[in-house]
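Structure, as structure tokens:
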Ligand code: GLN
């Protein structure tokens, strides 16, 4: 609305503007423009290399691009059906069978959304009563907090503990109570790059079953896993398919984040419940891009293998570069993101570090504190996105080399 144009050097752009906006409803106070928008704007203003928001700097496969153009030319430009075009719902079901052995009914158990973000928000709006509690693993993607708040829910966090980012099952059990409605899971995990293993998922499933909770799971990084890590959809665990709402999208798997084609699957009653909220958000979206996603999901196994291998090579290049530049890095098992500890370089505040970084050396990163309720827990960490061309990553590493506190711009 009357948001001020950002000042080139103003750190206030990262402050939660909601706190001082009299128009904003109380349940959204404390939230401002997301860090991703802020940092991408900062990158655009300063011309810095943007390793903040997670999006690739190259388009996905040509045949998918061509399929979108063809769909526009073929006249698929009016409202798609409320659940999404049947061909895409079938493609989602086929994909879940091909990769995970899940049986999904494309007619009643799949919903196409405006990216995973809409699926998450609609799920919270449809499934969470005001006052209900939603469990999230901290650090968490900021959109979860806003979506829970939109629904009037309350978040309860379970910390992924340093150094191996495992959680204590006792912590999970401790936050679950009579008000708990659901567990909002994210694996592979943004921002840490952790991939939840079979034991961890089994522990989560046991708690969900014991307390009769739903699980909403954001699996958009499902194909971006490295080395011997293995993505396990929580819906594949015994007893879980009937209580799990699984979300993914084409943005990350196919390199088209701007198309905003996401989807969800789950029991028909969960799908129809979430549709009630979803149809009052975007109603429907992305008609021709839904057609292109059918082509994308049908790509052969080689595409998916190469996608992960290629990104793994970039991870290796970038993480080695960060280590050589003096950061301490925990190499991610999946996702677009590497988290670096800035303390070995003599810095201690990731927000200050990220705000000054574009001017110091022409790189944008995300301060990990935004992913924590307890900001102190993430103060020393910053998140870099490495889903960029190798030469861009090498240039970024060069710029990040030799940083030290007090060093001026340039
Ligand atoms: N998931 C992306 C990230 O973490 C951002 C998506 C967004 O900006 N909404 O970078």
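Residue numbers (this note's numbering): 13 to 422. For each residue, glycine too, the CB sits at the ideal point set by N, CA and C.
C-alpha gap between residue 20 and residue 415, whole angstroms: For residue 20, the predicted structure reports a pLDDT of 36, less than 50, and the residue's modelled location is therefore unreliable. A value from the coordinates is still provided. Distance between the alpha carbons of residue 20 and residue 415: 22 Å.
Look up residue 155 in the DSSP assignment and say whether it is helix, strand or coil.
helix
Helix, strand or coil, according to DSSP, for residue 98 in the structure here?
helix
Burial state of residue 432, where buried means 16 or more other Cβ atoms lie within 10 Å
What is shown of the chain runs 13 to 422, which leaves residue 432 out entirely.
- Task: Would you mind stating whether residue 143 and residue 166 have Cβ atoms separated by less than 8 Å?
- Result: yes
inquiry  = Would residue 227 and residue 246 be called neighbours here (beta carbons separated by less than 8 Å)?
reply    = yes
- By the 10 Å Cβ neighbour count, where 16 or more other Cβ atoms means buried, how is residue 145 classified, buried or exposed? buried
Subject >> Closer than 7 Å: residue 48 CB and nearest ligand 1 heavy atom >> reply: yes
Margin query: Once DSSP output is grouped into helix, strand and coil, what is the label at residue 46?
Written below: coil
Limits of the unbroken alpha helix (DSSP H) element including residue 184: 181-187
With three or more beta-carbon pairs closer than 8 Å as the criterion, would you say the region 51-71 touches the region 258-272? yes
Taking all protein chains shown into account, decide if residue 230 is buried (16 or more other Cβ within 10 angstroms of its Cβ) or exposed. buried
**OP:** Starting from the C-beta of residue 15, find all residues in its chain whose C-beta is less than 7 Å away, skip the five residues before and the five after it, and write them out in chain order.
**Re:** Unreliable positioning characterises residue 15 in this predicted model, as indicated by a pLDDT of 34, which lies under 50. The coordinate reading is nonetheless provided below. Excluding positions up to five away in sequence, the list is empty.
Proximity of residue 126 and residue 307 at Cβ, strictly below 8 Å:
no
Quiz prompt | Buried versus exposed call for residue 37 [16 or more other C-beta atoms within 10 Å across all chains shown] | solution = exposed
State the start and end residues of the unbroken beta strand (DSSP E) segment that holds residue 350.
349-353
In the DSSP output, what is residue 126 paired with across the bridge? 273
Handout entry: Range of the contiguous alpha helix (DSSP H) that encloses residue 405
Key = 402-412
Can you tell me whether residue 401 is buried or exposed? The criterion is at least 16 other CB atoms within 10 Å of its CB, across all chains shown. exposed
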